[in-house]
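Counting the sequence shown from 1 gives a position; our numbering is that position plus 24.
Reviewing the structure listed below.
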Amino acid sequence: MSRLTISLFLLLCWLGTNVPALAAIELTPGSSGESLNAYIELLEDPDGSLGIADMGRPEVQQRFTPAAGRASVGQSRSVWWVRVQLTRSPEAPKQWWLENSGITVQRVQLYLPDGQGGWAERESSEAQPFARTRDYSYRRMLFQLPEIEGQPLTLYFRSYDPAGNSFPLKIWQLDDLKELKAGENLGFGLVYGVILALLLYNLFILIALRDRAYLWYVLATGSALVFILSMTGHGFQYFWSDAPVPVWLDRITLPSLWGIFVMRFTQELLCAQRGLRWADRLFNVACALYAVAILINFFGYRAEGAVLIAVTPIVTVPTALIIAVIRWRQGFIPARFYLLGYGTVLVSTAVLVMRAAGIIQPINFTAYMFPVAIAAESILFSFALAYRIQMLKQEKAAALEQADREKAARLAQMQASADELQAAVTTRTAELAAANQRLCERERALEHAAFHDALTELPNRRYLIERTESALSSAKRNEESLALMLIDLDHFKPINDRFGHDAGDLMLRITGQRLREHVRGGDAVARLGGDEFAVLICGPDAELQARELARRLLEELAAPVVYGDEELVVSISIGVALFPRHSSQFAGLYQTADRALYKVKAHGRSGVAVFGEDGEHSAESNLQLDVLRIRSGLL
């Protein structure tokens, strides 16, 4: 025998002694639904460098170790390879279906022999759309295996999920699986229905009451319902089957949202802000940690997010239980329902965490625990809310009763002092009315003093100016005329010098009275100061009225005034200016009338003059003519 032959023989012997033999699983007619994890083998690939081509290498084959029933390796960052070898008894069917119950695993790849010495790859996980990766529409990953003939069928799973890697494997006949699927859909449908009914019922109450506890309950129940749909695989199967599981529906985001809403519900239901500020702050910190888990998960840190949502309950669970016990001991009935509901979910959540950590292995009982616990929690929390509303109503009624008592006491006190108050109000009202009357009278007096002469009670120069400006505006609009008469008493100063100022004041008052008697109601008369008066005549016949008034005044004002035993006699001089003939402004009319008055005095006084139209010379001639006419009685 040659050396080469001997070397090959020794190599084969060495390989035969160092490559572990696969424990083939023999399938019988009763194997449908059996777990395979007692017979599979595992290989940990820490850096994920191995591929299916490496599985044929002896040194890689030596790294496989029996799973010994394990179906989860917890939160491991490694890639895990699963090796399965199947054979069948002669009476067993050739066609079988392989189930991987790790519903929310991030990435699972199955390698089957392609019949040509190579491998065919199948992928079915959260990273791939449901509709394209399932051989049969089932909530869990299901693969149709090639027909098993006389030779054993060896296959490999490559599983990766740093948030919790699990691979519970079962073998099925399709008819048995369909029967199981119908029963599961019925059971889960009942759970979904209960949760959805409670969600809608409390949503209507939320709309009616606008209570924040109901808000957080509705949000927590809604997120729990979506979380259950995701965990059971029904969400992936029926609601988002045409795309990979989005990050906002994965196993990090949904439980984090549920945790936030449950913490907020706990704060509101148990009134953590009233007397339990430490617990309220811890819940706020927990909500922040859950929010951080969601955020870093969005950025691809799935493993870190899983660690956060696994660690946070270490703080929140004891806190929630402690404050619920405190409130229970304080007689707060909703705390009892909260303890029962939260305790139920707590047990199921602990089982989920232990499954994700690989402490316990996935079985059907643990898979159903959480949905059933959520349904029970929703019912108990709903009872807690109902009792809370009842207690709030009682507290409100007690507060209203107390408020009524206080109100009655205040009313009695107010009634006792009502008479005194009424008297004070009456007195004060009278004082205010009197003060207001005095103010009104004072205001009228000030206004009268501002526009009237104190001696004669006639309007003064200020009043005349404003009245003239107003009359000019009206005359311009209506195309009417206006006459301003300036009246000066002749020989008034000797009366003051001879008889004193009392006689002069009497003469001025009588003159003002006579002017009022002869001036029309629509016209105005004013004392400008000293012995000077003015009359404003308005209307289309203002010039004619001015001439007639001037004639009367020359006669009336010349009548004697009796002062004791004496008769005081004065004459008057009158100057007239016309609008629009002479000016369109008060200042112009006043100056024109004053010039006409000056001419009368220059020609002997005791007369009236209307300012002429043709300049100073002609005006003076006309003025003389008017004066002569007045004196001769022609006008």
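Even glycine gets a Cβ: it sits at the ideal position worked out from N, Cα and C.
Residue of the options minimising C-alpha distance to residue i
{"i": "L281", "options": "R305, L169, P358 and Y314", "result": "Y314"}
{"i": "E471", "options": "A457, Y411, L479 and R486", "result": "R486"}
{"i": "R605", "options": "R131, G636 and P117", "result": "G636"}
{"i": "R544", "options": "D521, A574 and A474", "result": "A574"}
{"i": "A95", "options": "A601, V84 and F191", "result": "F191"}
{"i": "I598", "options": "L223, M531, K623 and F610", "result": "K623"}
{"i": "A116", "options": "Q197, L273 and H476", "result": "Q197"}
{"i": "L74", "options": "A92, G57, A91 and V106", "result": "V106"}
{"i": "Y614", "options": "G588, V594, G631 and L508", "result": "L508"}
{"i": "S247", "options": "N308, Y216 and Q130", "result": "Y216"}
{"i": "P170", "options": "D138, Y184 and G554", "result": "D138"}
{"i": "E83", "options": "E425, L67, F557 and L424", "result": "L67"}
{"i": "G414", "options": "A312, E465, F356 and A348", "result": "It is Gln, not Gly, that sits at residue 414 in the sequence shown. Of the candidates A312, E465, F356 and A348, the one whose C-alpha sits nearest the C-alpha of Q414 is F356."}
{"i": "L179", "options": "L273, R288, D185 and Y63", "result": "Y63"}
{"i": "L306", "options": "A317, L319, V250 and I346", "result": "I346"}
Helix, strand or coil at residue i [DSSP, three-state]
{"i": "A232", "result": "helix"}
{"i": "F263", "result": "coil"}
{"i": "W302", "result": "helix"}
{"i": "F516", "result": "coil"}
{"i": "G546", "result": "coil"}
{"i": "Y314", "result": "helix"}
{"i": "D69", "result": "strand"}
{"i": "Q175", "result": "coil"}
{"i": "Q437", "result": "helix"}
{"i": "C464", "result": "helix"}
{"i": "I325", "result": "The amino acid at residue 325 is misidentified as Ile; the sequence shows Tyr. In this structure, Y325 counts as coil in the three-state DSSP scheme."}
{"i": "A381", "result": "Confidence is the limiting factor: at A381 the pLDDT is only 49, short of 50, which leaves the residue's position unreliable and the question unanswerable from this model."}
{"i": "L363", "result": "helix"}
{"i": "P90", "result": "strand"}
{"i": "T52", "result": "coil"}
{"i": "I195", "result": "strand"}
{"i": "Q354", "result": "coil"}
{"i": "G257", "result": "coil"}
{"i": "L581", "result": "coil"}
{"i": "V129", "result": "coil"}
{"i": "R412", "result": "helix"}
{"i": "L552", "result": "strand"}
{"i": "G142", "result": "coil"}
{"i": "G612", "result": "helix"}
{"i": "G563", "result": "strand"}
{"i": "T111", "result": "strand"}
{"i": "E504", "result": "coil"}
Buried or exposed (CB count within 10 angstroms, at least 16 for buried), residue i
{"i": "Q569", "result": "buried"}
{"i": "A45", "result": "Residue placement at A45 is poorly supported in this model, since its pLDDT is 48, which falls under 50; the coordinates are not used for a value here."}
{"i": "R301", "result": "exposed"}
{"i": "E419", "result": "exposed"}
{"i": "R371", "result": "Checking the displayed sequence, the identity of residue 371 turns out to be Val instead of Arg. When all chains shown are included, V371 counts as exposed."}
{"i": "V463", "result": "For the sequence presented, residue 463 should be read as Leu rather than Val. Looking at its Cβ environment, which holds fewer than 16 other Cβ atoms inside 10 Å, L463 is exposed."}
{"i": "F603", "result": "buried"}
{"i": "D512", "result": "buried"}
{"i": "P483", "result": "buried"}
{"i": "T89", "result": "exposed"}
{"i": "Q133", "result": "buried"}
{"i": "N502", "result": "exposed"}
{"i": "G257", "result": "buried"}
{"i": "F263", "result": "exposed"}
{"i": "A310", "result": "buried"}
For residue j and residue i, believed in contact at Cβ under 8 Å, the rounded distance
{"i": "A327", "j": "R101", "result": "6 Å"}
{"i": "Q181", "j": "W121", "result": "Per the sequence shown, residue 181 should be read as Phe rather than Gln. Not confirmed; about 15 Å, so no contact."}
{"i": "V271", "j": "F322", "result": "6 Å"}
{"i": "V600", "j": "L592", "result": "The pair is not a contact, with the Cβ atoms about 26 Å apart (cut-off 8 Å)."}
{"i": "I219", "j": "I398", "result": "6 Å"}
{"i": "I195", "j": "L60", "result": "6 Å"}
{"i": "F394", "j": "F260", "result": "Not confirmed; about 16 Å, so no contact."}
In DSSP terms, what residue i is bridged to
{"i": "Y63", "result": "Paired residue(s): none; Y63 is not in a bridge."}
{"i": "P483", "result": "H476"}
{"i": "F681", "result": "With the chain running from 25 to 659 in the structure shown, residue 681 is simply not present."}
{"i": "Q291", "result": "Per DSSP, none; premise fails for Q291."}
{"i": "V586", "result": "E591"}
{"i": "L510", "result": "A558 and G599"}
{"i": "G98", "result": "N189"}
{"i": "S148", "result": "Per DSSP, none; premise fails for S148."}
{"i": "R452", "result": "Bridge partners of R452: none, in fact."}
{"i": "N124", "result": "M165 and L193"}
{"i": "A633", "result": "G599"}
Cβ-heavy atom distance, residue i to the ligand GTP, below 7 Å
{"i": "T178", "result": "Absence of the ligand GTP is noted for the structure shown, with no ligands found whatsoever."}
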